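Residue numbers (my numbering), protein chains in the order written: chain A, 32 to 335; chain B, 32 to 335. Think of the CB as a built atom: it goes at the ideal place given N, C-alpha and C, for glycine as much as any other residue. Since this is a predicted model, take the numbers as computed values, not measurements. Report on one structure; see the data block that follows.
2 protein chains.
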Amino acid sequence: MSGKAAFIGIDWGTSNLRAAVLDGDGAVLRAVARPLGVLAVAAGRFEAVFEDVVGPWLGEFAACPVVACGMVGSRQGWCEAPYLPCPCDEPALAAGLVHPPGRYAGRVSIVPGAMVAGVGRAPDVMRGEEVQVFGALAPDAEDAVVCLPGTHSKWVVVRGRSIEHFATHMTGEVFELLGRHSILAKLMEGEAFDASGFRAGLARAREPGGLLHHLFSVRALNLVGRLPGTALHAFLSGVLLGHEVAAGLVLSGSPLEVVLAGRPELCGLYREALADHDVAAVVADDGASFRGLARVARRAGLIS
Amino acid sequence: MSGKAAFIGIDWGTSNLRAAVLDGDGAVLRAVARPLGVLAVAAGRFEAVFEDVVGPWLGEFAACPVVACGMVGSRQGWCEAPYLPCPCDEPALAAGLVHPPGRYAGRVSIVPGAMVAGVGRAPDVMRGEEVQVFGALAPDAEDAVVCLPGTHSKWVVVRGRSIEHFATHMTGEVFELLGRHSILAKLMEGEAFDASGFRAGLARAREPGGLLHHLFSVRALNLVGRLPGTALHAFLSGVLLGHEVAAGLVLSGSPLEVVLAGRPELCGLYREALADHDVAAVVADDGASFRGLARVARRAGLIS
Numbered sequence: 032m033s034g035k036a037a038f039i040g041i042d043w044g045t046s047n048l049r050a051a052v053l054d055g056d057g058a059v060l061r062a063v064a065r066p067l068g069v070l071a072v073a074a075g076r077f078e079a080v081f082e083d084v085v086g087p088w089l090g091e092f093a094a095c096p097v098v099a100c101g102m103v104g105s106r107q108g109w110c111e112a113p114y115l116p117c118p119c120d121e122p123a124l125a126a127g128l129v130h131p132p133g134r135y136a137g138r139v140s141i142v143p144g145a146m147v148a149g150v151g152r153a154p155d156v157m158r159g160e161e162v163q164v165f166g167a168l169a170p171d172a173e174d175a176v177v178c179l180p181g182t183h184s185k186w187v188v189v190r191g192r193s194i195e196h197f198a199t200h201m202t203g204e205v206f207e208l209l210g211r212h213s214i215l216a217k218l219m220e221g222e223a224f225d226a227s228g229f230r231a232g233l234a235r236a237r238e239p240g241g242l243l244h245h246l247f248s249v250r251a252l253n254l255v256g257r258l259p260g261t262a263l264h265a266f267l268s269g270v271l272l273g274h275e276v277a278a279g280l281v282l283s284g285s286p287l288e289v290v291l292a293g294r295p296e297l298c299g300l301y302r303e304a305l306a307d308h309d310v311a312a313v314v315a316d317d318g319a320s321f322r323g324l325a326r327v328a329r330r331a332g333l334i335s
Numbered sequence: 032m033s034g035k036a037a038f039i040g041i042d043w044g045t046s047n048l049r050a051a052v053l054d055g056d057g058a059v060l061r062a063v064a065r066p067l068g069v070l071a072v073a074a075g076r077f078e079a080v081f082e083d084v085v086g087p088w089l090g091e092f093a094a095c096p097v098v099a100c101g102m103v104g105s106r107q108g109w110c111e112a113p114y115l116p117c118p119c120d121e122p123a124l125a126a127g128l129v130h131p132p133g134r135y136a137g138r139v140s141i142v143p144g145a146m147v148a149g150v151g152r153a154p155d156v157m158r159g160e161e162v163q164v165f166g167a168l169a170p171d172a173e174d175a176v177v178c179l180p181g182t183h184s185k186w187v188v189v190r191g192r193s194i195e196h197f198a199t200h201m202t203g204e205v206f207e208l209l210g211r212h213s214i215l216a217k218l219m220e221g222e223a224f225d226a227s228g229f230r231a232g233l234a235r236a237r238e239p240g241g242l243l244h245h246l247f248s249v250r251a252l253n254l255v256g257r258l259p260g261t262a263l264h265a266f267l268s269g270v271l272l273g274h275e276v277a278a279g280l281v282l283s284g285s286p287l288e289v290v291l292a293g294r295p296e297l298c299g300l301y302r303e304a305l306a307d308h309d310v311a312a313v314v315a316d317d318g319a320s321f322r323g324l325a326r327v328a329r330r331a332g333l334i335s
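Spelled out as structure tokens, the structure:
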């Protein structure tokens, strides 16, 4: 059962804006989604877009603060919230909130992103996923490996409920480019999911030869009649996910269990790829971003 | 010093057609190149394109046979020359020559491609590179690993002067897609070669994390100010070449020396990537395709 409206949360990413009226636990009371990601908003227009999307709620829920995360806090967003270095926990995110200039400065808070930095560490950055991670973890969880699959998948190592390290994998974007614009795309007959093609791709990814070679198997297996055109899209997906999961597990210290948060059908595919490595998957409930925003808002004293 | 005209050779690939009048060793006496690859020629138009490009030589060098290799022998080409299974040597290629229907059947021979096939082997295919390999090898070489860098790089294992096994890596195509159409492309300031960016990419490729993660370093290193926009294109190239070379060496049985054949500047980059693994590079002279065609033509008794 949902509680009383406590705040307005916004997950404002590169491509999309999702906003909701939420209770104190981050459960959704009202929601809206628009394809008005940061890339679609011209500089100086963020306040106007904010009013357009969230405006009706600002009066109706006059006591509710607004907390936003994602690319809205980047240099190209509404107001830059500098990346916080890892290790990075909920109190750090709460202490790092920034407020956009203009008429909503007193009402809107933007959560900073997180970064891996420092001598001898390969740098990495994220915005929005740091909030999703804290929403995906069980409330009492201290240590975990969290995987957020997507265009740029994140593998996040949490120790003592602090983000210790993370790594981005460009799996989704590479899949999109190869599945649409490569020589492989010409051989594909549709994009319907083919379970045996996907499994064959996962298996191929575990053989020697490297990703750049395995990609060509899409073509070679089809040419020799061992993989129909209708299975190629899923096979490519299996090859890429298989490579990501193998590398992600190693970089995360070979965990026995991974928490998955993301689109349910995508989490299902990652669950299968993890099972190949005898790693258990715990799929987080939907709404990790909003639950994470609630936790940060509470830490910041914005909600009680 | 070049000898007497012995045959006309054509390297007729996916994107380009290169033809030459050659002496018995495959040295070029006259040459022409046109962007009339198989993709640019409509079905049924191959004979006309052939006449258009090579026609003037057919009368002047009336005694010269014509030998062609590459995608011209594919199903989408002039006349299909079925792939020969590996192991595949020069006599097998000579015995597998096919002749296109029409008025040039008695004069034109097309060299078949080669394939890796069979239970338990990951299939792979090539057309044109099998000829290039035999042209790149020293005349008396028996065993070698040959790397042909390009859009679809080939790593070819030669034993007893026979192609035993090979693997295709989609390095060039992935580089093109990511360097032009990905989120990484937006950060790149030009495509001029940057040596330190390239070396940093090679080094990144040797760290743990996998290719899909290393690709994101293009963005992360730039964001944290450790790699300027002008170095990103070369860094991406280094990451991809580094991954290809590491995987190619393993699949080829960890050779101590690799023969490189391809565009000289590309061979230079591969030489550097190989040196990272303490592997020596022998860069073949230009013209491996035409030298290889001469060897096949001689084996087939077409030239003496």
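Can you name the residues of chain B whose CB is closer than 7 Å to the CB of residue i?
i: I214/A; result: E204
i: H196/A; result: Per Cβ cutoff of 7 Å: no residues; H196/A is ~11 Å from chain B at best.
Going along chain B in order, which residues have a C-beta closer than 9 Å to the C-beta of residue i?
i: E238/A; result: A153
Any C-beta of chain B sitting closer than 8 Å to the C-beta of residue i?
i: F247/A; result: yes
i: M32/A; result: In this prediction, M32/A has a pLDDT of 48, which is less than 50 and means its spatial position is unreliable; nothing more can be read from the coordinates.
i: E161/A; result: no
i: R230/A; result: no
i: A304/A; result: no
i: L209/A; result: yes
Just to check my reading of the structure: residue i and residue j have Cβ atoms closer than 8 Å, yes? What is that Cβ distance to the nearest angstrom?
i: A374/A; j: I334/A; result: Nothing about residue 374/A can be read from this structure; chain A reaches only from 32 to 335.
i: H245/B; j: V276/B; result: At roughly 14 Å, the Cβ-Cβ gap does not stay under 8 Å, so H245/B and V276/B are not in contact.
i: W43/A; j: G101/A; result: 5 Å
i: S193/B; j: D83/B; result: Contact flag wrong, Cβ pair sits at about 37 Å.
i: N47/B; j: A64/B; result: 6 Å
i: C117/A; j: V147/A; result: 5 Å
i: R257/B; j: P154/A; result: 7 Å
i: C178/B; j: L291/B; result: 5 Å
i: P180/A; j: C298/A; result: 7 Å
i: V310/B; j: V289/B; result: 6 Å
i: L271/B; j: V249/B; result: Going by Cβ atoms, the distance from L271/B to V249/B rounds to 11 Å, so no, they are not a contact pair.
i: G68/A; j: A278/B; result: At roughly 36 Å, the Cβ-Cβ gap does not stay under 8 Å, so G68/A and A278/B are not in contact.
i: V164/B; j: V187/B; result: 5 Å
So, residue i versus residue j, is the Cβ gap smaller than 8 Å?
i: D174/B; j: V162/B; result: no
i: G75/B; j: A325/B; result: no
i: E91/A; j: Y135/A; result: no
i: L280/A; j: F229/A; result: no
i: L209/A; j: L215/A; result: yes
i: P243/A; j: H264/B; result: The amino acid at residue 243/A is misidentified as Pro; the sequence shows Leu. The answer is no: Cβ separation not under 8 Å.
i: V139/A; j: P131/A; result: yes
i: G232/B; j: G260/B; result: no
i: M157/B; j: G166/B; result: no
i: A50/B; j: G40/B; result: yes
i: V59/A; j: G221/A; result: no
i: G104/B; j: V80/B; result: no
So which residues of chain A does residue i contact, with C-beta pairs closer than 7 Å?
i: V156/B; result: A251, L254
i: A201/B; result: This sequence places Met at residue 201/B; Ala is not what is there. In chain order: L243, L246, F247.
i: L218/B; result: Correct list: empty, because the minimum Cβ distance to chain A is about 12 Å.
Would you say residue i lies against chain A (beta-carbon separation less than 8 Å)?
i: V281/B; result: yes
i: N47/B; result: no
Exercise. Quick one: which residues of the segment 250-277 of chain B get their C-beta closer than 8 Å to a C-beta of chain A? List them in chain order.
Key: R250, A251, L252, L254, V255, R257, L271, H274, E275, A277
Quiz item: What residues from the segment 120-151 of chain A come within 9 Å of chain B, judged by C-beta to C-beta, listed N to C?
Solution: Within the segment 120-151 of chain A, the residues whose Cβ lies closer than 9 Å to some Cβ of chain B are M146, V147, A148, listed in chain order.
Self-check item: Under 7 Å (Cβ pairs) to chain A, residues found in the segment 164-196 of chain B
Solution: H183
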